[in-house]
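Read through the structure below, which is laid out as structure tokens, and then see the notes.
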Amino acid sequence: FRRFQADKLPREARNSCFAVACDPANADHMWGSFGTWGRNMGVIAQTFDGGNTWEPLGSTGESESGLPGVRHRALFLAGVRKPMLYCSADDYGVFASPDGGETWLSRNSGLPHLGVRGLLAAPRNGDQLWCVLGKKGGHAGAVFMSTDGAETWTCVSGDRPFGDVKNVVVAQGEKPRLYVASRVSALDGETIPGGVFRSDDEGCTWEHVFADDFVEGLAVDPRDPDVVY
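Each residue of the sequence shown is one higher than the one before, counting from 456 in the working numbering.
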């Protein structure tokens, strides 16, 4: 492993790397989201030499790119006809870039708040996206789906309240299977259980498959949707 050269990143953004996204057309081209835990500051940068050097994109502070300069925990390239770069921004929700990160558009229509805890695309249909919201204020955690490249979002968790949602992953079978990781929480005096929840019908119904107070993350074997870590 080689440590990247961070000299061209703002000093405040050299503390952590939250996510990387790869360009399927060029193995040397990647994007990364960098930031710090000390305060909510972040920057998205790209590399054209396999990670040896990184150039920041216009995403720091109140930039003209349209992307707030906060931590970006999810970052990926997806789309069938026209690939887009997607990210989640702390307390600002979902953003999409049609030009490789140079400019960004807010994509939060239909979301009741902007506390996005997870964001991903379907393995075989990059225009189908999911995001999960954590519990915030009087809103329980919930799962939302978009079929138009994040232009609009629809709640697909039905009457299932989620608590302190930590992650969502998808396994590709005949239909995408969703898994949600959540920690135990409380809302209006009621306890919302934690653990792992599974949906085999794109979020219409959910099964509580593993009860535990503190589940932080999940991974699915791409060869077998029944194998979950």
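Beta carbons are placed, not taken as given, at the ideal position from N, Cα and C, and that holds for glycine.
Since this is a predicted model, take the numbers as computed values, not measurements.
Under the three-state reduction of DSSP, which class applies to residue i: helix, strand or coil?
i: E662; result: strand
i: F669; result: strand
i: S552; result: strand
i: R572; result: strand
i: P523; result: strand
i: L512; result: coil
i: S471; result: strand
i: S564; result: coil
i: N495; result: coil
i: E409; result: Examination of residue 409 is not possible in this model, given that the chain is present from 456 through 684 alone.
i: W559; result: coil
i: F617; result: strand
i: N622; result: strand
i: P577; result: With the sequence shown as reference, residue 577 is identified as Ala, and Pro is not the correct amino acid for it. In the structure shown, A577 sits in a strand (DSSP, three-state: E or B).
i: R457; result: The predicted model places R457 with a pLDDT of 48, which falls under 50 and marks its position as unreliable, so this point remains unresolved.
Please name the residue or residues paired with residue i in a DSSP beta bridge.
i: F599; result: C586 and C610
i: N481; result: D478
i: Y541; result: F531 and A551
i: G650; result: S637 and A666
i: F489; result: C472 and V498
i: N507; result: The partner list for N507 (beta bridge, DSSP) is empty, contrary to what the question assumes.
i: D631; result: Note on residue identity: the sequence assigns Pro, not Asp, to residue 631. Answer is Q627, bridged to P631.
i: V683; result: V675
Given a threshold of 16 other Cβ atoms within 10 Å of its Cβ, counted over all protein chains shown, does residue i qualify as buried or as exposed?
i: G593; result: exposed
i: V664; result: exposed
i: V682; result: exposed
i: K537; result: exposed
i: C477; result: exposed
i: D582; result: buried
i: D679; result: exposed
i: D535; result: Checking the displayed sequence, the identity of residue 535 turns out to be Val instead of Asp. Answer is exposed; the Cβ neighbour count stays below 16.
i: K630; result: exposed
i: G618; result: buried
i: P523; result: buried
Distance check for residue j and residue i, CA to CA, integer angstroms please.
i: A544; j: F652; result: 25 angstroms
i: L560; j: V623; result: 23 angstroms
i: S471; j: T491; result: 6 angstroms
i: E446; j: V620; result: Given that the chain is displayed from residue 456 to residue 684, the structure contains no residue 446 and the question cannot be resolved.
i: D655; j: R632; result: 5 angstroms
i: G613; j: L532; result: 28 angstroms
i: T708; j: P553; result: The question about residue 708 has no answer, for the chain in this structure spans 456 to 684.
i: A595; j: G644; result: 12 angstroms
i: V635; j: F473; result: 20 angstroms
i: C542; j: D667; result: 29 angstroms
i: R615; j: E510; result: 43 angstroms
i: G650; j: F669; result: 7 angstroms
i: N580; j: V625; result: 12 angstroms
Only counting the same chain, and skipping five residues up and downstream in sequence, which positions put a Cβ closer than 8 angstroms to that of residue i?
i: L566; result: G548, V549, C586, L588, F599 and W608
i: G521; result: F550, T558, W559, L560 and S561
i: E671; result: K621, N622, A636 and R638
Near residue i, what residues of its chain come up, given a Cβ to Cβ distance below 6 angstroms and the 5 sequence neighbours on each side ignored?
i: G570; result: L588, G589 and K591
i: L584; result: A576, S601 and A605
i: V611; result: V598, M600 and G658
i: V475; result: M485 and G487
Kindly list the residues whose CB is nearer than 7 angstroms to the CB of residue i, restricted to its own chain and excluding five residues on each side of it in sequence; keep chain order.
i: A641; result: I647
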